[in-house]
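**Student:** As you go down the protein sequences, you meet chains A and B in turn.
In terms of my numbering, the first sequence opens at residue 38 and continues consecutively.
In terms of my numbering, the second sequence opens at residue 38 and continues consecutively.
Just so you know, even glycine gets a beta-carbon here, dropped at the ideal spot from N, CA and C.
2 protein chains.
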Amino acid sequence: VRNSQDRLAAETSIETAEIARTTASLLDAINASDLAGVLAMWSDDGALMPPQHPSVHGRTEIERFFSRLFQQPGSHFSFTFSQIHVSGDVAFERLEYAASVRSGQEESEVRDIGKGPHVYRRQPNESWKLAMDIWNSDTPATVAE
Amino acid sequence: VRNSQDRLAAETSIETAEIARTTASLLDAINASDLAGVLAMWSDDGALMPPQHPSVHGRTEIERFFSRLFQQPGSHFSFTFSQIHVSGDVAFERLEYAASVRSGQEESEVRDIGKGPHVYRRQPNESWKLAMDIWNSDTPATVAE
């Protein structure tokens, strides 16, 4: 007979693996400028909080944000650290990232490192969807010349 | 006989009020440059993620960060929006802020608005302590002149 503590640990491990897979899919979609792929990871009422930009709430606004972002492809993101904690219907992932970002009309490339969490919420169909994403840079602000 | 759904709702409401009070105390401590007051709100292994600064992990680093910050008093923060969600031993608060920040040797004042979450974790003694705090500005980076 498995006791409930063992069962909890096993369930948490399965959920942690599911969330790691979801984050990997999200990263692939972002690096491929795949709008439908990114939107598939988000819950309907999610909140995206980009630096130097107001909050972006809900599927329509999130679609508009990434649609604009993907007009200039060539940026690349990777996660250099991930720690996942599951509690009830919420999962919280603390991340560190490295990025090279295309920006400006001259297509300059800016390298960046930073950090932030993902918050996932379990959906009625048991899938995990992003409820919140926020990040900021570790480095002093760079200003377009 | 109260059913478990009613009991859950009542407990969540009490917890939500506790977290709102904790955030209010944290804000008072920050605005008063009260180092002990700020540290009392943090869990031992918390992660503070300030913009344009590397992650700050654990009580010793968090104390050093706020100790430096409070060497230049006069900044003022307020929260203009709060939404709290409790799930098991984790509570997640989405916030928007307005701030006037003293910075630089000339004691210039920079106004800022932005957003970010608090993540709280329930401690063995039932109190809620900050496990994570991250924020970023809504506005373009300002550069010291």
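Whose Cβ in chain A lies nearer than 8 Å to the Cβ of residue 127 of chain B?
**Tutor:** Taking the second sequence and counting its residues from 1, one reaches residue 127 of chain B at position 90. In chain order: 122, 124, 125, 127, 129.
**Student:** How about residue 172 of chain B: is its C-beta nearer than 9 Å to some C-beta of chain A?
**Tutor:** Numbered from its first residue, the second sequence carries residue 172 of chain B at position 135. With 9 Å as the cut-off, residue 172 of chain B counts as an interface residue toward chain A.
**Student:** Pull up the distance between the alpha-carbon of residue 131 of chain A and that of residue 91 of chain A, whole angstroms please.
**Tutor:** Here residue 131 of chain A is taken as the residue at index 94 of the first sequence, counted from 1. Here residue 91 of chain A is taken as the residue at index 54 of the first sequence, counted from 1. Their Cα atoms are separated by approximately 22 Å.
**Student:** Could you please give the first and the last residue of the uninterrupted beta strand (DSSP E) stretch that includes residue 176 of chain A?
**Tutor:** Position 139 of the first sequence holds residue 176 of chain A. Residue 176 of chain A -> no beta strand (DSSP E), and no H or E assigned at all.
**Student:** Alpha carbons only, please: which of B/62, B/49, B/56 is nearest the one belonging to residue 114 of chain B?
**Tutor:** Locating residue 114 of chain B in the second sequence gives position 77, where the first residue counts as 1. That would be B/62, whose Cα lies nearest to the Cα of residue 114 of chain B.
**Student:** Taking any Cβ of chain A, which residues in the stretch 93 to 114 of chain B have a Cβ under 8 Å from it, in chain order?
**Tutor:** Those would be none; no residue qualifies.
**Student:** Provide the residue span of the alpha helix (DSSP H) that contains residue 153 of chain B, from first to last.
**Tutor:** The residue you call residue 153 of chain B lines up with position 116 of the second sequence. Premise fails: residue 153 of chain B lies in the beta strand (DSSP E), 145 to 159, not in any alpha helix (DSSP H).
**Student:** Any beta carbon from chain B within less than 9 Å of residue 138 of chain A's own beta carbon?
**Tutor:** Here residue 138 of chain A is taken as the residue at index 101 of the first sequence, counted from 1. Residue 138 of chain A does not count as touching chain B.
**Student:** Using only CA atoms, which one of B/137, B/100, B/126 lies nearest to residue 112 of chain B?
**Tutor:** The residue you call residue 112 of chain B lines up with position 75 of the second sequence. Selected option, being the one with the closest Cα: B/137.
**Student:** Return the chain-ordered list of same chain residues with a C-beta closer than 6 Å to the C-beta of residue 86 of chain A, the five sequence neighbours on each side being excluded.
**Tutor:** Against the first sequence, residue 86 of chain A aligns to sequence position 49. Hits under 6 Å: 92, 171.
**Student:** Report the partner residues of residue 131 of chain B according to the DSSP bridge assignment.
**Tutor:** On the second sequence, residue 131 of chain B is found 94 positions in, with the first residue counted as 1. Paired residues: B/120, B/154.
**Student:** Considering only the alpha carbon of each residue, which of A/121, A/75, A/66, A/153 lies closest to residue 50 of chain A?
**Tutor:** Along the first sequence, one-based indexing puts residue 50 of chain A at 13. That would be A/121, whose Cα lies nearest to the Cα of residue 50 of chain A.
**Student:** Quick one: which residues of the stretch 155 to 166 of chain A get their C-beta closer than 7 Å to a C-beta of chain B? List them in chain order.
**Tutor:** Under the 7 Å Cβ criterion, the stretch 155 to 166 of chain A contributes 156.
**Student:** Identify the contact partners of residue 176 of chain A in chain B, using a Cβ-Cβ distance below 8 Å as the criterion.
**Tutor:** As a working mapping, residue 176 of chain A is identified with position 139 in the first sequence. In chain order: 89.
**Student:** In the DSSP assignment, what residue or residues form a beta bridge with residue 72 of chain A?
**Tutor:** Here residue 72 of chain A refers to the residue found at position 35 when the first sequence is read from its first residue. DSSP lists no partner for residue 72 of chain A.
**Student:** Are the C-beta atoms of residue 84 of chain B and some chain A residue less than 9 Å apart?
**Tutor:** By 1-based counting over the second sequence, the position of residue 84 of chain B is 47. So yes, residue 84 of chain B belongs to the interface.
**Student:** Which residues bound the alpha helix (DSSP H) around residue 95 of chain A?
**Tutor:** Here residue 95 of chain A corresponds to residue number 58 of the first sequence, with the count starting at 1. Element bounds for residue 95 of chain A: 95 to 106.
**Student:** Please return the same chain residues whose Cβ sits closer than 8 Å to the Cβ of residue 60 of chain A, not counting the five positions on each side in sequence.
**Tutor:** As a first step, residue 60 of chain A must be located in the first sequence, where it is residue number 23. Excluding residues within five positions, the ones whose Cβ falls inside 8 Å are 116, 119, 130, 132, 155.
**Student:** Taking Cβ positions only, does residue 169 of chain B come closer than 9 Å to chain A?
**Tutor:** Walking along the second sequence from the start, residue 169 of chain B turns up at place 132. It does; some Cβ of chain A falls within 9 Å.
**Student:** Are the C-beta atoms of residue 80 of chain A and some chain B residue less than 9 Å apart?
**Tutor:** Residue numbering aside, residue 80 of chain A sits at position 43 when the first sequence is read from its first letter. Not an interface residue.
**Student:** Anything in chain A within Cβ reach of residue 74 of chain B, meaning under 9 Å, just list it in chain order.
**Tutor:** Residue mapping note: residue 74 of chain B aligns to position 37 of the second sequence, counting from 1. Under the 9 Å cutoff, chain A gives no residues; its nearest Cβ is about 25 Å from residue 74 of chain B.
**Student:** Taking three-plus beta-carbon pairs below 8 Å as touching, is the stretch 99 to 111 of chain B in contact with the stretch 71 to 85 of chain B?
**Tutor:** Touching, yes, given that three or more Cβ pairs across the two stretches are closer than 8 Å.
**Student:** Are any of the Cβ atoms in chain B nearer than 9 Å to that of residue 52 of chain A?
**Tutor:** The residue labelled residue 52 of chain A in the question sits at position 15 within the first sequence. By this cut-off, residue 52 of chain A is not an interface position.
**Student:** Can you grab the Cα-Cα spacing for the pair residue 107 of chain B / residue 76 of chain B, in whole Å?
**Tutor:** For the purposes of this step, residue 107 of chain B is taken as residue 70 along the second sequence, with counting starting at 1. For the purposes of this step, residue 76 of chain B is taken as residue 39 along the second sequence, with counting starting at 1. Answer to the nearest angstrom: the Cα atoms are 13 Å apart.
**Student:** Determine the DSSP secondary structure at residue 182 of chain A, reduced to helix, strand or coil.
**Tutor:** Looking up residue 182 of chain A in the first sequence gives position 145. Residue placement at residue 182 of chain A cannot be trusted, given a pLDDT of 42 that sits under 50; what the coordinates show is reported in the next sentence. In the structure shown, residue 182 of chain A sits in coil (DSSP, three-state: anything other than H, G, I, E or B).
**Student:** State yes or no: is the beta carbon of residue 133 of chain B nearer than 9 Å to at least one beta carbon in chain A?
**Tutor:** Translated into positions along the second sequence, residue 133 of chain B becomes position 96. Yes, contact with chain A.
**Student:** With respect to the beta strand (DSSP E) encompassing residue 220 of chain A, which residues constitute its N-terminal and C-terminal limits?
**Tutor:** This structure cannot settle anything about residue 220 of chain A, because the visible part of chain A is limited to 38 through 182.
**Student:** Name the residue from B/128, B/97, B/149 whose alpha carbon lies nearest to the alpha carbon of residue 175 of chain B.
**Tutor:** Stepping through the second sequence from its first residue, residue 175 of chain B is reached at position 138. Ranking the options by Cα distance to residue 175 of chain B, first place goes to B/149.
**Student:** From residue 169 of chain B to residue 72 of chain A, what distance separates their C-alpha atoms?
**Tutor:** The residue you call residue 169 of chain B lines up with position 132 of the second sequence. The residue you call residue 72 of chain A lines up with position 35 of the first sequence. Each residue's Cα considered, the two are about 29 Å apart.
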